[in-house]
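Trainee:
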Amino acid sequence: MAMSINKRLSWRQSVEKVMSRLVQKSPSLCTDLPLDNSDICTKLYLLRQLLKSCFGPTGRLKQVHNNIGGHVITTSSSSVLLPAISSSQSFINLIKTSILNHVSRFSDCGLFAAILCLSLIEQAKQSGLSFSVAIKLNKHLLGLCTGYLQQEDCGCKVKLDFCSSHNLITLARSIISSKPACVLTESEALHISKLAVHAFLLTVPCNRPGEVRLGKAVTVSVEGHPVLNSAVFPGLLVDAPDVSGIDESENMRSNPLRVVLFSASLAGDLSELGDGIFDVHPGVDTDLQILDRLLELVKQVVEDEVKLFVCQKVIHPVVQQHLKSRGVIVIERLGNPLMETLTQLTGAQPVATLHTTIPAKAYGEVRDLSIIHFGSRTMLQLHPPGESSICTMILCHRNETMLGELKVAFQKTEHVLRLTLREPSALLGGGCTETHLAAYVRHKSIQEVPETLSALGCSQAELLLGAGGFCRSLESVAAALEHDGGNSLMDLTHAHHWTHPADVMREHLDESLGFCGCGLMEGSPEQRRAYLNTNYPQFSPAPLSRDTAVQPRVLDSFAAKFNALQVAVETANLALDVRYLVQDIN
Amino acid sequence: MAAIVSCCPATSKYSACAVFHRSCRQLASGNRKLYCKTLLNKAPRAMLACTIVNHRQHVGLQKLSALAGITHSSLGPNKMYKFIRDETSGESALACSCFRLLENLELTCGVGQLVYETVRAHQKVYGAGSGCLLFLAGAWSRAATECLQKGVPVARIISAMSEGMDVCLDVCRKCSVSTESLGAAPAESCAATSQGLGLNLLKKNTAEASQASCHLRGTRQAADKTLNASGRRKIKLSRHFYETEAEDASTATQPPRRKAPDVALVAAGLSHGYVGAMNLVIEASRLQSKNNPQDVSGSTFDVSKVATCVLPGLPEENSCVLQGCVVHVSDEQASVAHHLKEQHLKVALINGDLSDTYRHLGFKRLQAVQCVSDRVHFLSSSKAEEWTEKVLTLLLNLEVNLVVVSGIASEKVIQRCCRLHILVVEKANVSVLKALADATGAVPVTYATQLSNRCVGAGVKVAIWGDLAGRQTKPSTAVSVSTGERDGLVTAVLASCVPSKLQALEDQFWACAYRLHHALTDAVLLPGAGVTEMLCVHHLRERAERRHDAGRSGGGVQQTKAGRAANPYRGLVMNLMAEGLVDYISTVMVNAGGVSKVRARTAVSQRLKNHAENQAKFSQLSFAGEQEDGSLRCSDAPAAQVYDGMSVKQEAWRRALDLVLLVLQTDAEIITGVGPNHDAAEGDMMLL
């Protein structure tokens, strides 16, 4: 290129930095025993109340916005809520970060982990145990829980059967209906759950030998259409606002179609050079020179019989015109999120520079494409040359707020369904797992007194105190599902979770006690029940005799909850272990 | 740092009045302060009158209700203008619709944002109905507040309100009238009936049943031919046939081929008081269907090919509808247009600006470029010159006479083009470009240098507006660009002597255009003037009466715990929802003129009572004003039957309820970016 571009470092800034007045550093702030600090305790309590009120299908929503009146998000899901909360107390941020890390890996059960963790901290404080003993006991009790959950005959685990989609749909629906900000009716929630399972199944390749790689479900959201219009399409849908030039019949002829994929900007600018001052010879038109280079590139692409030209960023209009006049379909501004999926679908390698010829192996292929009109949007549907493991989900909702939450819920569901491939089981939902585990832990910790005491090096009273706190924390998570003043109970045989609505009159009581939280048990008058967090007698929770006719109605992800349980206990232990907080306040 | 403001059940002891002031302060906390001075002592009164001082208040719902209160006067056929004054800058704006009002307020609170977002989304698609949306959101948020105060759990309110919405939407489906059947029913009899009933309504209506039967007779001949929708309506409204027959009728009478509806009649029913604007819309639709050979019947109305052009300074009678696209041009350009008129022109379409410095969207300019040279150059000025020369040569070579630009064109290029008798038209809509491209075969390009023979279209005509209007006073400044028969483009020229009124006129035109567009697309209408709402009220109340029989069937056994057993509060919630609709009808009546709120309410409840007793058909409420002496004013022209758009209304209701349910379920606001030294003036703000 016939121009010289010098990037000159501006050194003025660094001079200013040296010249600026020196301010004496203030000493660091040290907080001794953060859990005894009343400010931290109030904030922990506040955080717990906040998260507790969001929990479950009847949870309350939160409006999140900034202090200058920015965009408002209405949500109750931890993955949106927690990033918005940032505290002046690093102690709070520690817990938050830990939970967020869990959410980023497992998507589900973020609120469960957070509430359990905060309850454990509070219970440990209330019990009066020394924190080191509390930590040891929590570890031991967690071991009991995880051991039990991994047992074959665990009373709160359900094996997932991939021969039938029933349990998968139940799992999907439990997650979607736990997001009240989606404002879905019963049938809408079911529709979305079915679509989620459908999309999940489409991403699993069937007959590919060797290593199996899962595909991807891409979501496209369309505002203003009824939820029931949402649909799943195999292949990838990309926005193509101008399809007037695409002659379908012509493109069908040469199958498969060759594809080139650019990740570099083809806008014809020099944006990739970065900031700085450029020295240019007069009489040199940089724009024209870059355009010439682009046209040269395009010439090669056309010669190589490429039929679909995709760019992540902007394409210069002259280049577009040139390509279209030669019958090439042009898609610009694809965006970063779709790049990986498209690479996977076409097998193309993204071209990141304009300055070399494109190697033949960088080209990819699509089998065929079709035009899809959805509402006001026009999209191109791309099919991969081989077996398809990529699908596109079009999500519709009446307004932006609810659509945003629906998108979050759908992505979570999709992730959770994928997790079932690793661990094909689910846990009973609706609080039943929590109460069941609590009863189990209470029972076990009393039974195993002699051995554990010597191993843990604590007294029996301490163990009972610790176990009590642990169980109350689990039960309080189950109780957090109720938001309208109802009472939470558990039955004294199978330890499932039951709720009495606050407003039901006495005579309707047995009727309202129809089913337990997960829907496996039906209420009967002779059943004995105890209010949660009261001193009920310990018992060994019996697993239900498996009657295949009765299916659970609410299921939670096993992998997510299993990990959430560990994260909650370990984070609580870490928080209990903190002796000093040192803060640099400069 | 984040702050959390709790919204629900706030333990504060503010009275309702204080809460209103608080939310006003919230509204005013942006740059632009809102003062809502009532010029007529009307609507806001009602808002302050919610008299509950209770510990179970929900601040979010009260904010919603307060916001809705601002727009009470923008309901119904006679809308009140509102001034919005910015105290800091002294600027003011005139708002005549709910949407414009919200647009001019800077709402910083969470609920305000949510409301604006919802209304904007609705306005974008439907162009009308925002006032209805916001009013019902307010009315139903009051209903929800009352439920909370009576101790109804949130889950119960949600399930009962959703069920209530289903009832209302069902009523809409069942009482809809197909557009094609409108022409079949003799319009005069409709008009006479409604007029008569209107009069009766405000006296103590007695002869209603006979009037209704007269109406029924009128439509019966039509019903003989095909069992049309208005015929269906008569059957349905009888409670005995309601559930079963109506279902059959609606499925059985789907006509094999859609007859063409009478656009003028449909439009007249949808004018909602803007007869002038609607006449323009009718004319636009007529022009459009005349140009479209496939659609002689005029069964659709393509809003995307309609444009508006405002003309300040001329009296309103000059408003008219023209074929093609009308744009303002300078005198110099007008003379070129004069030269070019009556010719078939070659056209180039530029999607962007016509200037040498323009670059396409997404192009990043270099920030700092220095010229390094061993000689002194004076090239920078000639660069633009060079470009202009190039473009002009190209245009001359291609024999282009008309350049339509979607952005702006540089002054210099326009002048040079004028000298060469090339007309440059700026600021054309993208949809106009597309229509021209389709009709002429031209291809829109981003840069003028891209132009080639392939991109140039032919067969466009220009005309000067003054000529079209038959006025030869002074050199006119508007020209119309049209391809005659092919493009289907029409422009409504809206004139007014009062420049600040132009926005309102434009809004009215678009509201009417969208209403007609959606009605023709839906192919059904709802009986207007409160009839649909009254039917909904009736059915809601009827459903509320029914005991727990239907409760259990709703939604299987699963769902939430609340859905499982019969909802003991369903009756209460549905009655309150119905109350919201009654409030809506009576507010529209109050705004329509003369009648006091109390009288309007009495009339509505009287009507509902009559209906319940003898199953008489609801007739449209009269919105005719009352003279001072107590007698009713009769307009000379018989009032036409009023209709409402079906999808607009359903969507507005649904969005209103969605808004209420979202706010109802929200119990806290999380405000991010609040510093520790933020004034903790808000009593219930907690810092995290």
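Chains as they are written, first to last, in our numbering: chain A, 337 to 922; chain B, 48 to 735.
All residues carry an ideal CB built from backbone N, CA and C; glycine is no exception.
#1: Taking C-beta pairs closer than 8 angstroms, name the residues in chain A that residue 351/B reaches, listed in chain order.
#2: Taking CB distances under 8 angstroms as the criterion, tell me whether residue 375/B reaches chain A.
#3: Since residue 865/A sits in a beta bridge, which residues does DSSP pair it with?
#4: Return the chain-ordered list of same chain residues with a C-beta closer than 7 angstroms to the C-beta of residue 722/A, the five sequence neighbours on each side being excluded.
#5: Can you list the residues of chain A that residue 413/B reaches, using a CB-CB cut of under 7 angstroms?
#6: List the residues of chain B whose Cβ lies closer than 8 angstroms to the Cβ of residue 857/A, in chain order.
#7: Could you tell me which uninterrupted beta strand (DSSP E) segments, each at least 3 residues in length, are contained entirely in the stretch 637 to 720 of chain A, listed from first to last along the chain?
#8: What residues in the stretch 488 to 511 of chain B bring their beta carbon closer than 7 angstroms to a beta carbon of chain A?
#9: Is residue 402/A close to chain B, meaning its C-beta is less than 8 angstroms from at least one C-beta of that chain?
#10: Cβ closer than 9 angstroms: which chain B residues qualify as neighbours of residue 738/A?
#11: So, for residue 452/B: in the same chain, excluding its five sequence neighbours on each side, which residues have a beta-carbon less than 6 angstroms away from its beta-carbon?
#12: Any contact between the stretch 669 to 678 of chain A and the stretch 567 to 579 of chain A? By contact I mean 3 or more CB pairs, one from each, below 8 angstroms.
#13: Using a beta-carbon distance cut-off of less than 7 angstroms, what residues from the stretch 111 to 141 of chain B approach chain A?
#14: Of all the options 647/B, 619/B, 640/B, which has the alpha carbon lying nearest to the alpha carbon of residue 630/B?
#15: Run through DSSP, which three-state label would residue 414/B get?
#16: Does residue 709/A pass the burial test, meaning 16 or more other C-beta atoms within 10 Å, or should it be called exposed?
#17: Taking 8 angstroms as the CB-CB cut-off, is residue 208/B touching chain A?
#18: On the three-state DSSP scale, how would you describe residue 646/B?
#19: Helix or strand or just coil, what does DSSP make of residue 874/A?
#20: So, is the C-beta of residue 718/B closer than 8 angstroms to a C-beta in chain A?
#21: Are the beta-carbon atoms belonging to residue 490/A and residue 777/A less than 8 angstroms from one another?
#22: Would you mind working out which of 641/A, 664/A, 631/A, 639/A sits nearest residue 654/A, comparing C-alpha positions?
#23: Less than 6 angstroms between C-beta atoms, sequence neighbours within five positions excluded: which residues of the same chain meet that for residue 892/A?
#24: Short check: CB of residue 420/A to CB of residue 717/B, under 8 angstroms?
#25: So, with DSSP's three-state summary, where would you put residue 762/A?
#26: Assign residue 459/A to one of three DSSP states: helix, strand, or coil.
#27: Where does residue 493/A sit, in a helix, a strand or coil, going by DSSP?
#28: Taking 8 angstroms as the limit between beta carbons, can you name the residues of its chain near residue 128/B, skipping five residues before and five after?
#29: Measuring alpha carbon to alpha carbon, tell me which of 507/A, 460/A, 809/A ends up nearest residue 448/A.
#30: Check whether the stretch 153 to 166 of chain B touches the stretch 534 to 543 of chain B, counting contact only when three or more Cβ pairs, one atom from each stretch, lie closer than 8 angstroms.
#31: Can you look up residue 719/B in the DSSP assignment and give me helix, strand or coil?
#32: Assuming residue 924/A is part of the alpha helix (DSSP H), what are its boundary residues?
#33: Hey, could you find the ends of the alpha helix (DSSP H) residue 139/B is sitting in?
#34: Tell me, which residues are paired with residue 727/A by DSSP?
#35: Verify the CB distance criterion: does residue 193/B have a CB-CB separation below 8 angstroms to chain A?
#36: Could you check whether the stretch 381 to 388 of chain B touches the stretch 489 to 501 of chain B, counting it as contact only if at least three pairs of C-beta atoms, one from each stretch, sit closer than 8 angstroms?
Mentor: A quick look at the data gives this:
#1: Those within 8 angstroms of residue 351/B in chain A number zero; the least Cβ separation is about 10 angstroms.
#2: no
#3: 827/A
#4: none
#5: Result: 606, 614.
#6: Within chain B, no residue has its CB atom less than 8 angstroms from the CB of residue 857/A, the nearest being about 13 angstroms off.
#7: DSSP runs (the beta strand (DSSP E)) wholly in the stretch 637 to 720 of chain A: 644 to 647, 665 to 667, 700 to 702, 705 to 710, 713 to 718.
#8: 492, 493, 494, 497
#9: yes
#10: 705, 709
#11: 397, 401, 473
#12: Yes, since at least three Cβ pairs between the stretch 669 to 678 of chain A and the stretch 567 to 579 of chain A fall closer than 8 angstroms, the two stretches touch.
#13: none
#14: 647/B
#15: coil
#16: exposed
#17: no
#18: helix
#19: coil
#20: Yes, its Cβ sits closer than 8 angstroms to a Cβ of chain A.
#21: No, these two residues do not count as a Cβ contact at 8 angstroms.
#22: Among 641/A, 664/A, 631/A, 639/A, the Cα nearest to that of residue 654/A is on 631/A.
#23: Excluding positions up to five away in sequence, the list reads 763, 765.
#24: yes
#25: strand
#26: helix
#27: strand
#28: 141, 142, 143, 551
#29: When 507/A, 460/A, 809/A are compared, the shortest CA-CA separation from residue 448/A is found for 809/A.
#30: no
#31: Here residue 719/B sits in strand by DSSP.
#32: With chain A covering 337 to 922 only, the question about residue 924/A has no answer from this structure.
#33: First-last for residue 139/B: 139 to 142, but that is the beta strand (DSSP E), not the alpha helix (DSSP H).
#34: 553/A, 570/A
#35: no
#36: no
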